[in-house]
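Visitor: When you number the sequence shown by the numbering used here, it's gap-free, plus one each residue, and the end is 317. Right, I'll just put the structure down here and ask away after.
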Amino acid sequence: MGCEEVKKLREEFDKTLNELRSKVLELEDVAKKMVELDKDFGVLLKAVEEVHGKVDIVSWLVIGLISKKEND
Numbered sequence: 246m247g248c249e250e251v252k253k254l255r256e257e258f259d260k261t262l263n264e265l266r267s268k269v270l271e272l273e274d275v276a277k278k279m280v281e282l283d284k285d286f287g288v289l290l291k292a293v294e295e296v297h298g299k300v301d302i303v304s305w306l307v308i309g310l311i312s313k314k315e316n317d
């Protein structure tokens, strides 16, 4: 293998390596966004659970009031 061939292979290797580094950085950004979305989803899920619990309480109160009115 001649010096020019080695130089050309080295240039191709460097180009490919830089492309891979760029893709890794893109994947790192995507991973960070996924973590943030996961946190947001967790907050949303907790809020939904709290609302669901309050809806359950209100529904039991309404059922109790209806039962009381029926008995009166």
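All C-beta atoms, glycine included, are put in the ideal place defined by N, C-alpha and C.
For a test of the three-state rule: what should DSSP assign to D259, helix, strand or coil?
Guide: Taking the first residue of the sequence shown as position 1, residue 259 is located at position 14. Of the three classes helix, strand and coil, the one that applies to D259 here is helix, per DSSP.
Visitor: From the DSSP output, in three-state form, read off D317 for me.
Guide: Residue numbering aside, residue 317 sits at position 72 when the sequence shown is read from its first letter. Correct three-state label for D317: coil.
Visitor: Quick check on DSSP: helix, strand or coil for M318?
Guide: With the chain represented from 246 up to 317, any question about residue 318 goes unanswered, as that position is not in the structure.
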